[in-house]
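Residue numbers (the numbering used here), protein chains in the order written: chain A, 1 to 206; chain B, 207 to 615.
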Amino acid sequence: MLVFTLALVMIIQYFVPNDLSLDTNEFLLKWIIIIGVFAMALGIWSLIRVSYEKIKRRVPGWQYPIATLLGLAAMIIFGFDYGRHFSTAEGLNNPMFLKFFLYIIIPIQSTMFALLAFYIASAAYRAFRARSALATLLLLAALIVMLRFNPYLGIFGQYLERTTSWLLNVPNLAAKRAIIIGIGLGSVATALKVMLGIERAYMGKD
Amino acid sequence: MKFKIWAVCCLAILGMISSGMAQENADTANRATTASISPPAPPGNLEPKDTPDDNGHSITLGWSLSPDDGAGNKSVLGYKIFRSTNRDTGFVERGVSPSGSKEYVDMGGAIPEENDYMPNDTDYYYKLRAVTSDSTVYSETGVIGPTQTTGEWFNRGRTLVLVFVLIFAMVTVFFIRKARSGAELFVRRLAGIEAVDEAIGRATEMGKPILYVLGLGTASDIATIASFSILGRVAKKIAEYQTGLIVPCYDAIVMTVAQETVRTAFLDAGRPDAYNEDMVYYVTSNQFGYVAAVNGTMLRQMPATNIYMGTFFAESLLLAETGALAGSVQIAGTDQVAQIPFFVVACDYTLIGEELYAASAYLSREPILLGSLKAQDYGKAAVIALSIIGIIAAQFNWTWLVELFKSAN
């Protein structure tokens, strides 16, 4: 009943543009933030407990949770700026916090993202093997799209450019749109099922 | 050598003198041009109207161009909009619209504490000034008003959306009722979902856990909600087969909901004792930190099956490729169109787009849930029919269908 009522309120809110409607939306969004803050405390507790268990049971790779817990503790301590700015974001300017962020977290993130290039190469190798007619078609399309960047192809490059443009704007876009339309309908159907209480598996119920 | 230095210095001095003279000449020319500007003809038909389909706090102004805008002596550079709550005094500049423009939306703030607050149900007066390159040479319209702003109770631009949602909801309810009455509903085979049972069986035989990744979406994302439903079904089967389950979470709220989903599923399967709260745990809300943690879990614990369901971004391939390298059976489903190719390449089975939303119904085989899938199919048929009508209409230059869809905002 609660799900149905709130879902109905949010649906009506979408069609009503006045201040009352927008304020209701904002109020409910603020609640999500408040719940998020409490959930974050539960999340951190979960992380500490799971890491502690791994260290205690000496599971394979038990050293990593130690690094996790040390990092977590360091960022919390520096983030609070030794307790002087508990209620403000001043701790974010703490030099040690910034050093941890700029010289450890950012390079690690960049490294992880850069790995994507190698993963794409290995995935492409698997995908572009001409095992069937469709896979061969995929390979040909990929070759055309990739070769258009080759600067030594001269006039031939222009044809590749046009073919690429057609591939991306006609068959590729058509398929994408079909998927997007399906997703839109699926979203509405799922929302209806949840709203009407037909779908309750997200609560673990049949 | 000395001669060369002298020559260079002389040339430099001559250059500076000549550039100074050129600048002086240009200034003289500009002054002459400025002096020759005569006031432009004022714009006409200034009409302020409450902006439709909004929460108020905004007025749309329309006008006809000054005869000297793009024609005549072409002296108009733009239009300045002035507003006041008093007909005679207190006009404040609200913005500038370039020459050739005939409309301006004067948007104020909706919060009283804001500097730009523009309360509704208040009289507003406007005047428009055609400006030239000389700030002292301009022409103005008379003061027009009063006009009031009002918050609307219905956004007419969304009428089409409302109609479609209502029709779709009715069709869905119709098929659900039909399914309840016991009618047989055919639903096409979804290989990815059929593989879930097989994958759980494989994990049980191998004595290895199943890794379930909910993606980077929040608990309010529809894909994550669909993923919770699938997790509920999967967790129930896992409880029955007594297999291990690992659910690392990116979002703390998602973790809380997922814990409850799995706990209730184990209870429902009659195995509450097998539930361990640490099956579902929080990792981090940092995208690549999360990837590192999940990839580490895959390589250390070597799960027999990896299930990725929900919203994924750049991490999709990093996760799926690592899973493939670890030799796990992989099933993925996402509503992120850009990530689907990565999953198709790296996973054994992929649910494409709306199949993610259909998965829970398919897993349960409940007629009521299958009824909603039929409604989706009819919805798609309607969209295909509309697309065909649109193509035909475009051949005959009938724009009514395009205009109809354009009206939605």
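Heads up, the beta-carbon is just placed ideally off N, CA and C, and yes, glycines get one too.
If you pair each beta-carbon of the stretch 489-507 of chain B with each one of the stretch 455-463 of chain B, do three or more pairs fall below 8 Å?
-> yes
For residue 256/B: DSSP bridge partner residues = Walking along the second sequence from the start, residue 256/B turns up at place 50. In DSSP, residue 256/B forms a bridge with 265/B.
Would you mind reading off the limits of the alpha helix (DSSP H) that contains residue 120/A?
-> Taking the first residue of the first sequence as position 1, residue 120/A is located at position 120. Unbroken alpha helix (DSSP H) run through residue 120/A: 106-127.
Residue 263/B: which of 586/B, 312/B, 424/B and 537/B sits nearest, CA to CA?
-> To locate residue 263/B, count along the second sequence from 1; it is residue 57. Of the candidates 586/B, 312/B, 424/B and 537/B, the one whose C-alpha sits nearest the C-alpha of residue 263/B is 312/B.
If we count the other Cβ atoms within 10 Å of its Cβ and call it buried at 16 or more, is residue 549/B buried or exposed?
-> Position 343 of the second sequence holds residue 549/B. So residue 549/B counts as buried.
C-beta neighbour in chain A for residue 428/B, strict 8 Å = As a first step, residue 428/B must be located in the second sequence, where it is residue number 222. It does: the Cβ of residue 428/B has a partner Cβ on chain A nearer than 8 Å.
What residue ranges within the stretch 341-428 of chain B form continuous beta strand (DSSP E) runs of no fewer than 3 residues, ordered along the chain?
-> 344-346, 350-353 and 416-421
Residue of 393/B, 334/B, 398/B and 483/B minimising C-alpha distance to residue 47/A = Residue mapping note: residue 47/A aligns to position 47 of the first sequence, counting from 1. Comparing Cα-Cα distances from residue 47/A to each of 393/B, 334/B, 398/B and 483/B, the minimum goes to 483/B.
When you compare only the Cα positions, how much space is there between residue 302/B and residue 282/B?
-> In the second sequence, the residue the question calls residue 302/B occupies position 96. In the second sequence, the residue the question calls residue 282/B occupies position 76. When rounded, the distance between both Cα atoms is 12 Å.
CB of residue 415/B to nearest heavy atom of the ligand SAH: below 7 Å?
-> This structure does not include the ligand SAH; it has no bound ligands of any sort.
Look at the Cβ atom of residue 317/B, then the Cβ atom of residue 332/B, and state whether they are nearer than 8 Å.
-> Along the second sequence, read from residue 1 onward, the residue named residue 317/B stands at position 111. Along the second sequence, read from residue 1 onward, the residue named residue 332/B stands at position 126. No, they are not a contact pair.
Applying the criterion that 16 or more other CB atoms from any shown protein chain within 10 Å of the CB defines a buried residue, is residue 411/B buried or exposed?
-> The residue given as residue 411/B occupies position 205 in the second sequence. Classification for residue 411/B: exposed.
Taking C-beta to C-beta, are residue 504/B and residue 451/B nearer than 8 Å?
-> For this step, residue 504/B is matched to residue 298 along the second sequence. For this step, residue 451/B is matched to residue 245 along the second sequence. For residue 504/B and residue 451/B, no; Cβs fall outside 8 Å.
Per DSSP, what kind of secondary structure is residue 93/A in: helix, strand or coil?
-> In the first sequence, residue 93/A corresponds to position 93, counting from 1. Helix at residue 93/A.
Spell out a yes or no on whether the stretch 576-588 of chain B and the stretch 181-201 of chain A are touching, meaning 3 or more CB-CB pairs, one atom from each, closer than 8 Å.
-> yes
Would you mind working out which of 546/B, 370/B and 252/B sits nearest residue 518/B, comparing C-alpha positions?
-> The sequence position of residue 518/B within the second sequence is 312, counting from 1. The candidate whose alpha carbon is nearest that of residue 518/B is 546/B.
Pair within 8 Å by beta-carbon distance, residue 481/B and residue 43/A | Translated into the one-based positions of the second sequence, residue 481/B becomes position 275. Translated into the one-based positions of the first sequence, residue 43/A becomes position 43. Contact: no.
Output the boundary residues of the alpha helix (DSSP H) element that contains residue 593/B.
-> Here residue 593/B corresponds to residue number 387 of the second sequence, with the count starting at 1. Run containing residue 593/B: 573-601, per the alpha helix (DSSP H) assignment.
Might you give, ordered along the chain, the residues of its own chain that have their beta carbon closer than 6 Å to the beta carbon of residue 117/A, omitting 5 neighbours on each side?
-> Here the question's residue 117/A lines up with position 117 in the first sequence. Answer for residue 117/A: no residue qualifies.
Have a look at residue 371/B and residue 364/B and give me their C-alpha separation to the nearest angstrom.
-> Taking the first residue of the second sequence as position 1, residue 371/B is located at position 165. Taking the first residue of the second sequence as position 1, residue 364/B is located at position 158. Going from the Cα of residue 371/B to the Cα of residue 364/B covers about 11 Å.
For residue 260/B, which residues in chain A fall below 7 Å Cβ to Cβ?
-> The residue you call residue 260/B lines up with position 54 of the second sequence. Here the neighbours are 17.
Pick from 339/B, 259/B, 326/B and 322/B: whose alpha carbon is nearest that of residue 183/B?
-> Because chain B spans 207 through 615 in this model, residue 183/B falls outside it and cannot be assessed.
Find the nearest neighbour of residue 172/A within the set 199/A, 79/A, 142/A and 153/A, judged by alpha-carbon distance.
-> On the first sequence, residue 172/A is found 172 positions in, with the first residue counted as 1. That would be 142/A, whose Cα lies nearest to the Cα of residue 172/A.
Could you spell out the range, first to last residue, of the alpha helix (DSSP H) harbouring residue 24/A?
-> Residue numbering aside, residue 24/A sits at position 24 when the first sequence is read from its first letter. 19-56 is the span of the alpha helix (DSSP H), which, as asked, contains residue 24/A.
C-beta neighbour in chain A for residue 373/B, strict 8 Å | On the second sequence, position 167 is the one that residue 373/B refers to. Judged by the 8 Å Cβ criterion, residue 373/B is not in contact with chain A.
Which of the three DSSP states, helix, strand or coil, is assigned to residue 103/A?
-> Numbered from 1 along the first sequence, position 103 holds the residue referred to as residue 103/A. Helix at residue 103/A.
Mind checking the stretch 173-193 of chain A against chain B and listing, in chain order, the residues whose C-beta falls within less than 7 Å of any C-beta there?
-> 176, 179, 180, 181, 182, 183, 185, 186, 187, 188, 189, 190, 191, 192 and 193
Excluding sequence positions up to five away, which residues of its chain have a Cβ less than 6 Å from the Cβ of residue 243/B?
-> If you number the second sequence from 1, residue 243/B lands on position 37. So the list reads 281, 338, 340 and 343, once near-sequence residues are dropped.
Please work out which residues of its chain come closer than 6 Å, Cβ to Cβ, to residue 573/B, disregarding the five sequence neighbours upstream and downstream, and give them in chain order.
-> Reading the second sequence from its first residue, position 367 is the one you call residue 573/B. These residues qualify, in order along the chain: 385.
Would you be able to state if there are at least three C-beta pairs under 8 Å between the stretch 16-27 of chain A and the stretch 428-441 of chain B?
-> no
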